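Here's the structure, in structure tokens; my notes come after.
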Amino acid sequence: MAKITLSIIKADIGSIGGHIKPSQKLLETVSNYIKEKGRGLIIDSYIGHTGDDIAILTTHKKGPSNPKIHKLCWDAFLAGTKIAKSQGLYGAGQDLLVSAFSGNVKGMGPQVAEMEIEERPAEPFLMFMADKTEPGAFNLPLYLAFTDPMHNAGLILSPKVKEGFKFVIMDVSYTKVDKIIELKAPEEIYDIAALLRDTGRFVVESIFSRASGEQVVSASTTRLHNIAGKYVGKDDPVMLVRTQKDFPATGEILSPYTITPLVAGFMRGSHNSPLMPVKKNTSISFFDGPAIVSCLAFCEKEGKLTESADTFDHPYWDYVREQAAQETQELRRQGFFGAAMLPMSELEYTGVMETLKELEERFKIRKK
Ligand code: 13P
Ligand code: 13P
Ligand code: MG
Ligand code: MG
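Using the numbering used here, read the sequence shown as starting at 86 and increasing by one per residue.
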């Protein structure tokens, strides 16, 4: 059986009219670059955008973290950045945080999700791309899809699925090296929940089937905030999920997105927002949001991709989107107040700190 690697590498390298969407020319530049320079290196590719982020999906046989694959994507983003600058796009090269490529785009700004798979006779998988939010946005949907029979009927109906899953969770506040923990579902679901509630700190990196040991999920964990030390945009995560047979069904993976959980992101990366499931190539609008997630389904054979199926392009999700818009309105009614804006520790701008520092000097201790 062929071993194939699926790689998603995603970056914001510039956008029309603010943080809305990349230009057509920008998308074409990245796409053409991958097609031309990827010849002989990759098997197939798909390039798309969600909000202002461009994601490159490639299939190849080089394994995860391969310098050649990473450099191909990095260089495609550099070529795109040139175009973005020439068009006067906003935030040209925004996510390319270092000037020289050093073997792996992890920690350099782009978001990465990769998986080497032992190809099954049929290989359905999902490509998730989110904008105006952070990697922890996938925590609740993953928890529910892999541990809760209210969303995953397979946990009751399929003996292989019922054997459960192993979660690998990263503490993203630890920036020196990767700090991870492995926890087993169902035995340790309360421990998993205790970590995953804290979306700014603990992020699901991967999930494995306990029936076969195979990897089911790979999600991006990079926090730009932690790399650059200052606000340079939200982290806008990507994720790969394999589905069917011993894994959850596609519909089970999608089921939790009906909840549209509140996630961090939205305007200036500093607010809470319902996570709205959207169609492919959706742009951003209201209050630089709301936070959005798209999901494309593919099958592949020896690395050759089918066309994508747009999973959130269905009348059911129109209804969910309407609900998410209503929730968004409820939250936006209170503007900067309380839960609408993120707590001080998560604020992506230093403006408030500077104001507090200035005001501190004007505070007086009242004499008795
Ligand atoms: P199949 O019987 O076609 O495999 O479908 C089962 C399933 O996964 C439905 O969710
Ligand atoms: P992005 O991270 O998607 O570029 O958004 C940044 C922002 O500040 C939106 O208001
Ligand atoms: Mg942007
Ligand atoms: Mg973005």
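All residues carry an ideal CB built from backbone N, CA and C; glycine is no exception. Keep in mind it's a predicted model, so treat the numbers as computed, not measured.
For histidine 104, the distance from the CB to the nearest heavy atom of ligand 3 is below 7 angstroms. Around the beta-carbon of phenylalanine 351, 16 or more other beta-carbon atoms lie within 10 Å, marking it buried.
In terms of CA proximity to lysine 146, Ile128 leads the group Ile128, Phe213, Leu339, Val326.
Residue state for asparagine 117 is assigned as helix, using DSSP reduced to three classes. In this structure, aspartate 321 and lysine 364 do not form a Cβ contact; the two beta carbons are roughly 17 angstroms apart against a cut-off of 8 angstroms.
Judged by their CB atoms, aspartate 97 and aspartate 233 are not nearer to each other than the 8 angstroms cut-off. In this structure alanine 410 is not in contact with leucine 416, their Cβ atoms being roughly 11 angstroms apart against a cut-off of 8 angstroms.
When DSSP reads this structure, lysine 386 sits in a beta bridge with Lys389.
Between leucine 227 and valine 302 a beta carbon distance of about 7 angstroms is seen, short of the 8 angstroms cut, so the two are scored as contacting.
Each of Phe371, Ala222, Ser340 was checked against the Cα of tryptophan 402, and the nearest Cα belongs to Ser340. 8 angstroms or more divides the Cβ of valine 348 from the Cβ of lysine 95. Look at the region 240–274 and you find these whole runs of alpha helix (DSSP H), each 4 residues long or longer: 244–247.
In this structure, Glu392 is the residue among Gly374, Glu392, Phe371 with its C-alpha nearest to the C-alpha of leucine 381. For arginine 417, the shortest separation between its Cβ and any heavy atom of ligand 2 does not lie below 7 angstroms. Across the structure, serine 379 and leucine 280 are spaced so that their CA atoms are roughly 25 angstroms apart. Around aspartate 160, the same chain offers Tyr118, Lys122, Phe186 as residues with beta carbons nearer than 8 angstroms, after the five sequence neighbours per side are excluded. In this structure, valine 289 places its C-beta atom within 8 angstroms of the C-beta atom of asparagine 224. By the Cβ neighbour-count rule, histidine 236 is buried, with 16 or more other Cβ atoms within 10 Å of its own.
For leucine 360, there is no enclosing beta strand (DSSP E), as DSSP gives it neither H nor E.
Taking each of Glu201, Ala304, Val115 in turn and checking the Cα distance to glycine 133, the smallest one comes out for Val115. Cβ atoms of leucine 268 and phenylalanine 252 come within 8 angstroms of each other, at about 5 angstroms. Closer than 7 angstroms to some heavy atom of ligand 4: that describes the Cβ of glycine 136. For lysine 217, the shortest C-beta to heavy atom distance toward ligand 4 is below 7 angstroms.
The straight-line gap separating the alpha-carbon atoms of glutamate 199 and leucine 211 is approximately 12 angstroms. Here leucine 240 has Pro234, Val246, Lys247 as same chain residues with Cβ atoms under 7 angstroms from its own Cβ, once five neighbours each way along the sequence are excluded.
A check of alpha carbon separations from serine 370 across Ile93, Lys106, Ile89, Ala87 identifies Lys106 as the nearest. Under the three-state reduction of DSSP output, alanine 376 falls in the coil class, being neither helix nor strand. Here arginine 353 is buried. Its C-beta has 16 or more other C-beta atoms within 10 Å. The Cβ-Cβ distance between serine 150 and isoleucine 141 does not fall below 8 angstroms. Here leucine 229 is buried, its C-beta having at least 16 other C-beta atoms within 10 Å.
Valine 437 counts as exposed, since fewer than 16 other C-beta atoms from the protein chains shown sit within 10 angstroms of its C-beta.
For histidine 155, the three-state secondary structure derived from DSSP is helix.
Secondary structure note for proline 209: its beta strand (DSSP E) is the uninterrupted segment 209–216. Look at valine 437 here: in three-state DSSP terms it is helix. Taking the CA atoms as reference points, valine 183 sits about 22 angstroms from leucine 112. When DSSP states are grouped into helix, strand and coil, aspartate 180 belongs to the coil group.
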